[in-house]
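Residues in the sequence shown are numbered from 31 upward in steps of one, following this note's numbering.
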Amino acid sequence: MSNENEIKELQEEVKRLKKKLRNQEYGLIWEDKPEEVVEECKKKIPILEEDEDRRIETDPEKPMNLLIEGDNYHALSVLNYTHQGKISVIYIDPPYNTGAKDWKYNNDYVDENDGYRHSKWLSMMSNRLKLARKLLSDDGVLICAIDENEFNRVGLLLENIFSDHEQHCITIVHNPRGVQGSNFSYTHEYAFFSFHKGQKVIAHRKIKEEDIVWRNLRDNGGESLRTDARNCFYPIIVRDEKIIGFGEVVPQNEHPDKQILKKKDEFYIYPIDPKGIERKWRYARQSVDEIKDLLRVKKTKKGYEIELGKDYGTVRTVWQDSRYDSNENGTKLVHALVPSTHFDFPKSLYTVYDCIAPILYENKKAIVLDFFAGSGTTGHAVSILNKEDGGDRKFILCTNNENGIAQEVCYPRIKAVIKGNKAYSDITGISSNLKYLKTSFVDHENFSEDTDSMRIKLTHRAGEMIAMRENCHYEQKKNEDFQIFADSLKKKWMGIYFKEDKSKLSELVKILADKKEAVIYIFGWGKNEYKNEYPEYPNIRVEDIPEPILEVYKELNKLVS
């Protein structure tokens, strides 16, 4: 490198640091360490290419999940074009920065003697969280697992980047045996939940039938008399020890002779206690129908009692259960599904499941992203949730291939989840599809000086990105002029026209004209050049290429500079 170039780079670095100091006046401050993969994106344009040999297809009716091999910063850059504002849940389990050389920064392992250990970790996380934020839907939730090494700092970092979000932290006992420290034996870790302030995004947790606590629906104690709430005194009608309905509120001047009145084969049960005192039900007549499924009839020596037992409850902030054991339901499970693996410290499958399930119960078409995918636990958890309720949720997993993690651990595990494993038939053999992609680049000297040749090259190589964006993952045709994709059922079609010369564009339009839904991406030098083309084909939507991709990447470069 020439002295002139070195001086120029140093001047740019000084300018960047001065800007950061002006903007960062309080809160979490660290020595920002430039990251090579971030700088790389200022000269190269990230794209995706499919590894077709690793595609898995089982059912065209099922969703297409994605596994992206490459640096997660590059993957997040691409996703900002394909999935901005579309992700319902982001679950990440980043390196915990224990000092045990468990992660790299600029291709070097970070150990406990590195004086910039925490600064490097914060720089790495900050760059990725800034990109991830733009992917979340309006009601999206980010979940970040962490341990004591970076617990305090990641909490402040989340408050900084997600300043309009609520931050909630739960404690998970994942290693009841404990990890011996010099003063304490750590048995737990944490998970931060981040979502827009004031939103109700966490549904109630499900309670196992054997763990339900039943109590009498008849009120007792203070303010439990009939006169305390007149709309709460009415009969509950029982036949064959099952509730079949609710009677009307009893007029104030009427008083049943006893708690249970029999009418033919039906029993009318009133909230009268064993001493004959008229009490009230815990729910008024106008609201009791809503909880009918939570009630049961209990046979007693003197007749019947009506009991209330909720099979749901508010998610608590301390999780302690054998299902969260990372050895039993993490390490041993991964080794069983991928016998040749040596992957250390995978999450318990049920830790991830219990994190995402309360958010996704009501959203059966959600997209879940994990950009520290590791062994693929998040994809496994999403698959189980789909199996339980027939959902069509999709997962996107991003991981590098350090020590073969993508190809030799994550991919085989997801393959086992889809294809099945006899020893774990209850949590594998879950039909879905998988597309395996790798990050690649279109070389470019400088975004501020984009050239015609670069734009043309990007348009030719953007096919997989646009296929992801439009959910059309099946290539139908490709020649020197255009490329065509369709979805699995060929209900939606997508075409990309590569050239400035539009002489063959009519051929592409003709192919798509009779499709139920179609979109054409047309090469151009700017924006909105062809937006209003083809009004005679209301089924065809027209988009520009490649300017929207370049705009996204330029914005990301500003965001992390």
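Glycine included, every Cβ here is placed at the ideal spot set by N, Cα and C.
Spatially closest choice to residue i from the options, by CA coordinates
i              : options                        : result
isoleucine 486 : His104, Phe515, Gly556         : Gly556
proline 265    : Ser224, Lys305, Gln316, Ala221 : Gln316
isoleucine 457 : Arg443, Leu464, Asn463, Lys465 : Arg443
tyrosine 146   : Lys63, Glu34, Asn562           : Lys63
lysine 73      : Val268, Glu66, Asp473          : Asp473
aspartate 168  : His365, His195, Gly343         : His195
cysteine 502   : Thr112, Met155, Lys48          : Thr112
valine 398     : Ile541, Asn95, Leu152          : Asn95
isoleucine 435 : Asn179, Gly228, Phe402, Tyr354 : Phe402
threonine 201  : Gly306, Asp574, Ala221         : Ala221
isoleucine 75  : Lys561, Thr481, Lys520, Ala548 : Thr481
glutamate 180  : Pro369, Arg163, Glu219         : Glu219
alanine 516    : Tyr527, Glu500, Glu530         : Glu500
asparagine 463 : Gly409, Gln437, Ile496         : Gly409
glutamate 65   : Gln210, Trp151, Glu335, Ala259 : Trp151
Buried versus exposed, by CB contacts within 10 Å (16 or more), residue i
i              : result
leucine 372    : Residue 372 is actually histidine in this sequence, not leucine. By the 10 Å Cβ count, histidine 372 comes out exposed.
glutamate 55   : No answer about glutamate 55 holds up, because its pLDDT of 49 lies below 50 and its placement is not dependable.
glycine 525    : buried
threonine 381  : buried
leucine 433    : Just to set this straight, residue 433 is asparagine in the shown sequence, not leucine. Classification for asparagine 433: exposed.
glutamine 18   : Within the shown structure, residues of the chain are numbered from 31 to 591, placing residue 18 beyond reach of any answer.
glycine 406    : buried
methionine 31  : Its pLDDT being 49, under 50, methionine 31 is placed unreliably by the model, and nothing is read from it.
tyrosine 466   : buried
histidine 104  : buried
arginine 353   : exposed
glutamate 36   : exposed
leucine 291    : exposed
proline 369    : exposed
lysine 227     : exposed
isoleucine 575 : buried
aspartate 544  : exposed
glutamate 358  : exposed
glutamate 271  : exposed
valine 16      : Not covered by the structure: residue 16. The range shown for the chain is 31 to 591.
serine 591     : exposed
glutamate 34   : exposed
According to DSSP, residues forming a beta bridge with residue i
i                 : result
leucine 427       : Leu97, Asp400
arginine 245      : Leu338
phenylalanine 297 : Val268, Lys292
asparagine 463    : Met94
valine 348        : Thr201
glutamine 210     : Ser215
histidine 195     : His226
proline 76        : Phe471
phenylalanine 276 : Ile266
arginine 309      : Leu255
threonine 330     : Gly333
alanine 221       : Ala175, Ile200
Nearest-angstrom beta carbon gap, residue j and residue i [assumed within contact, 8 angstroms]
i                 : j                 : result
valine 243        : valine 171        : Incorrect: roughly 28 angstroms between the Cβ atoms, too far for contact.
serine 608        : aspartate 355     : Within the shown structure, residues of the chain are numbered from 31 to 591, placing residue 608 beyond reach of any answer.
lysine 395        : aspartate 419     : Not a contact, Cβ separation roughly 12 angstroms.
leucine 187       : methionine 155    : 6 angstroms
serine 413        : isoleucine 460    : 4 angstroms
leucine 78        : lysine 468        : 7 angstroms
isoleucine 579    : leucine 488       : 7 angstroms
isoleucine 173    : phenylalanine 223 : 6 angstroms
threonine 26      : glutamate 70      : The structure shown has nothing for residue 26, since the chain only spans 31 to 591.
phenylalanine 276 : glutamate 308     : Not a contact, Cβ separation roughly 17 angstroms.
histidine 234     : threonine 344     : 6 angstroms
Residue-chain proximity (residue i, chain C), Cβ-Cβ < 9 angstroms
i             : result
aspartate 303 : Protein chain content of the structure displayed is limited to a single chain, and chain C is not contained in it.
### Message
Quick check for students: name the residue ranges of the alpha helix (DSSP H) that lie wholly in the region 518-590, counting only runs of 4 or more.
### Response
535-542, 577-589
### Ranges of the beta strand (DSSP E) found wholly within the region 149-182, counting only runs of at least 3
166-176
#### Entry: Within the region 374-420, ranges of the alpha helix (DSSP H) (whole runs, at least 4 residues)
379-390, 407-419
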